[in-house]
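Presented below is the structure to which this report refers.
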């Protein structure tokens, strides 16, 4: 009714992952459009929640055992079980599993949005600024993959912050040393190489 939706072109825009721009343009990625739906529905007292299907985020209504699904990216079109199966198969090649229908927790949604931004920036090497703030925000979340610390260190080095990047690499190597000593040693060498860039 308000004209919110998305298209394949939205996957190429950083603004499609930024809520303020999605609200202004009424265009965005499935997960951001779903966040808009979830928040509007919550304020109206409707039982709506996010469903993090692999490759395509949607919303669920009502009973969590047998939800009614809708796709905000397609303007709110209802999804049948077969539609959901096709979305998952198209994205992963795997079958839809019941575990994929579990309501997404808020922090999982935030991390997935930040992962989308990181993926956008990774395809654009000149946008290490965007990659850096997305990783830094991800690191503030109480639960995040440890490898993000290494990604953060690499971005710092790419942006010329050699000492900070090297220090982060060494800290990450310490975390890995007990379980992956060879990887930890390789990271220590990269930290040494980053410091050498100062000379």
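Numbering (the working numbering), first residue to last: 5 to 203.
For each residue, glycine too, the CB sits at the ideal point set by N, CA and C.
All values reported here derive from a predicted model rather than from experimental measurement.
With residue 55 and residue 107 assumed to form a contact (beta carbons below 8 Å), what rounded beta-carbon distance in angstroms separates them?
-> 7 Å
Please look up how many angstroms separate the CB atoms of residue 256 and residue 173, rounded, as I've assumed it's under 8 Å.
-> The structure shown has nothing for residue 256, since the chain only spans 5 to 203.
Could you tell me if residue 120 is buried or exposed, where buried requires 16 or more neighbouring beta carbons within 10 angstroms of its beta carbon?
-> buried
Rounded to whole angstroms, how far is the Cβ of residue 118 from the Cβ of residue 141, which I believe are closer than 8 Å?
-> 6 Å
State the DSSP-derived secondary structure class of residue 65, mapped to helix, strand or coil.
-> Residue 65 falls in the strand class under three-state DSSP.
If you count every other CB in all the chains shown that lies within 10 Å of the CB of residue 67, and 16 or more means buried, which is it?
-> exposed
Residue 166 vs residue 193 beta-carbon contact at 8 Å | no
Distance between residue 139 and residue 122 (C-alpha atoms, nearest Å) | 7 Å
Count the other CB atoms within 10 Å of the CB of residue 191; is the residue buried (16 or more) or exposed (fewer)?
-> buried
Check the C-beta distance from residue 8 over to residue 33 and give it rounded, since I have them as a contact under 8 Å.
-> Residue 8 to residue 33, Cβ: 12 Å. No contact.
Out of 91, 90, 69 and 77, point me to the one whose CA is closest to residue 103's CA.
-> 69
contact_flag[the stretch 123 to 134, the stretch 75 to 95] where n(CB pairs < 8 Å) is 3 or more | The stretch 123 to 134 vs the stretch 75 to 95: no contact.
How big is the Cα-Cα spacing for residue 53 and residue 163?
-> When the Cα atoms are used, residue 53 and residue 163 turn out to be separated by approximately 39 Å.
Residue 37, enclosing alpha helix (DSSP H) - first and last residue | Here the alpha helix (DSSP H) through residue 37 covers 34 to 47.
So residue 64 and residue 72 are in contact, right, with Cβ under 8 Å, and what is the actual spacing, rounded?
-> 7 Å
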